[in-house]
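The first sequence runs 1 to 260 under UniProt numbering. Heads up: the structure comes next, in structure tokens.
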Amino acid sequence: MPRPTRESYGDQKPPFSYIALTAMAIWSSPERMLPLSEIYRFITDRFPYYRRNTQRWQNSLRHNLSFNDCFVKVPRRPDRPGKGAYWTLHPQAFDMFENGSLLRRRKRFKLHKGEKDSLNAELAALASFNRAFMARQAGGTPGTAMSGGSMFVTPGAMCSRPSPDLIDGPDTAALLPSGTRPRRAFTIDALLEPEPRSSSPCSPPPPPLQPHYPMPLPAPYILAAQRYHAELLAGLQQSCLPPLWTWRDTSQFSHYTLNS
DNA sequence: CGATGTTTAGTTAACC
DNA sequence: GGTTAACTAAACATCG
Numbered sequence: 001m002p003r004p005t006r007e008s009y010g011d012q013k014p015p016f017s018y019i020a021l022t023a024m025a026i027w028s029s030p031e032r033m034l035p036l037s038e039i040y041r042f043i044t045d046r047f048p049y050y051r052r053n054t055q056r057w058q059n060s061l062r063h064n065l066s067f068n069d070c071f072v073k074v075p076r077r078p079d080r081p082g083k084g085a086y087w088t089l090h091p092q093a094f095d096m097f098e099n100g101s102l103l104r105r106r107k108r109f110k111l112h113k114g115e116k117d118s119l120n121a122e123l124a125a126l127a128s129f130n131r132a133f134m135a136r137q138a139g140g141t142p143g144t145a146m147s148g149g150s151m152f153v154t155p156g157a158m159c160s161r162p163s164p165d166l167i168d169g170p171d172t173a174a175l176l177p178s179g180t181r182p183r184r185a186f187t188i189d190a191l192l193e194p195e196p197r198s199s200s201p202c203s204p205p206p207p208p209l210q211p212h213y214p215m216p217l218p219a220p221y222i223l224a225a226q227r228y229h230a231e232l233l234a235g236l237q238q239s240c241l242p243p244l245w246t247w248r249d250t251s252q253f254s255h256y257t258l259n260s
């Protein structure tokens, strides 16, 4: 039986699960993360089947995003306002498909409670940073308002303190690779300081993590926000972690695979 | 208000 | 037959 090509799917339902479709969409984007609307667009652009009954499959897709730990909701950067968050893949979920084939999933990806708590704390800190950022910017008092940053937690404190009910292995409380987790306090002031030069233990850094920001002369706040966001994403999508999703044959969407 | 996100629950199919 | 993953439906909350 011949391999199905992108075209041959036509109005037929593609053999991919929603998880696979979503992973495709996310990993085909330059920054490895997309808002919901862009995930929709990726799917409808490539698979005509999903141009019908959008209510049904989009509900299922949203359900999958929320239900599965393999998808991580990253708050929008404050300089990119809009509706909804960005969605990315959890680094530990990269190998959830057998042999990298998106046609077959190895097992359900589930985070332990400690890992989940840790990640949520990290993301909550980011959201908090964003809110403070906006408030501060609205206040128009650069460098003074909200100084001290007592409302923020340091990443170290956040990630190294296991919850009482956490008994798992050594890395359960440290979701993000320790080398790339943000090293400074999650405060605007700290982030406004010049970037400390440190060589990443993993090389080279993936290009998508340094997107260009189409902004006219970013203010220091914007720079701080960008830096913060980049650090978090660098942790989430570490270059040490293997492979990137790709497709071997760009004309055949049936064969998304992992680089090896 | 509509898009987005969360949660629960029922059905189906594949697998051991 | 039990377990698991995928799919679907639906209720509900939140947010811009």
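Virtual Cβ for every residue (Gly too), placed ideally from N, Cα, C. Model, not experiment: these values are computed from the prediction.
Along the chain, where does the alpha helix (DSSP H) that runs through residue i open and close?
i, result
"residue 36", "36-46"
"residue 18", "18-28"
Ignore the nearest five residues each way along the sequence and tell me which others in residue i's own chain have a CB closer than 7 Å to its CB.
i, result
"residue 127", "75"
"residue 12", "49"
"residue 28", "42"
"residue 47", "9, 14"
"residue 40", "58"
For residue i, count the other beta carbons within 10 Å of its own beta carbon; 16 or more makes it buried, fewer makes it exposed. Which is it?
i, result
"residue 90", "buried"
"residue 53", "exposed"
Quick check: what's the CA-CA separation for residue i versus residue j?
i, j, result
"residue 84", "residue 9", "30 Å"
"residue 82", "residue 38", "13 Å"
"residue 32", "residue 88", "6 Å"
"residue 45", "residue 25", "11 Å"
"residue 59", "residue 117", "26 Å"
"residue 79", "residue 230", "13 Å"
"residue 109", "residue 23", "13 Å"
"residue 120", "residue 67", "14 Å"
"residue 56", "residue 133", "37 Å"
"residue 93", "residue 34", "17 Å"
"residue 16", "residue 73", "22 Å"
Ordered along the chain, which non-local residues of its own chain (more than five positions away) have a Cβ less than 6 Å from that of residue i?
i, result
"residue 36", "84"
"residue 71", "65, 87"
"residue 315", "As shown, the chain starts at 1 and ends at 260. That puts residue 315 outside it, with no answer to give."
"residue 51", "44"
"residue 69", "109, 110, 111"
"residue 123", "none"
If I measure Cβ to Cβ from residue i and keep anything under 8 Å in the same chain, skipping five residues before and after, which residues do I get?
i, result
"residue 130", "75, 76, 77, 78, 225"
| query | Where are the alpha helix (DSSP H) runs, 4 residues long or more, that stay fully inside the stretch 53-99, in chain order? | reply | DSSP assignment within the stretch 53-99 yields the following whole alpha helix (DSSP H) runs of 4 residues or more, N-terminal first: 54-67.
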